[in-house]
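In what follows, a structure is listed as structure tokens, so that the remarks can point back to it.
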Amino acid sequence: LPLHVGQLCVAIAASTTTSTTSTSAATSTTCAAAAAVIVVLEPMAQLLAGLVRLAVISDIYLFQAIYKKMALNRKKYPVEICKGKAGKYTEYSSTTGITKTHGQSV
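Read in this note's numbering, the sequence shown has 681 at position 89, and its numbers run on one by one without any break.
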């Protein structure tokens with residue numbers, strides 16, 4: 593189904609409007625946000641389609657690659673140490689054992 597800015601605006605405004613927010617103000621703000629989203633949807637879809645095609649040609653299983661990357665990130669950034677922090681993985685090397693040259697793959 594094609595997305596239409598008007599329909600998206602009405603749907604988002606209806607779901608985000610509170611009793612203290614005027615509907616027209618919420619709709620106006622929401623329409624601007626919806627228009628911005630729609631502008632980037634097509635390029636994002638094209639990029640994703642290209643990545644999927646490249647993965648198929650290269651015999652890369654995307655879900656497997658994503659899970660491996662998530663597993664590596666869990667090792668690099670353990671929640672109990674890193675939650676709420678924005679440090680690079682090398683800051684946690686003393687705890688995780690992962691350095692620039694060791695432990696970069698799952």
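Glycine included, each C-beta is placed from N, C-alpha and C at the ideal position.
For Y659, the uninterrupted alpha helix (DSSP H) segment begins and ends at 654–668. Of the candidates N665, V648, C623, N665 places its Cα closest to the Cα of T691.
In this structure, T688 places its C-beta atom within 8 Å of the C-beta atom of K668. Taking a 10 Å sphere around the C-beta of A641, we find fewer than 16 other C-beta atoms and assign the residue as exposed. Here DSSP, grouped into helix, strand and coil, assigns T693 to coil.
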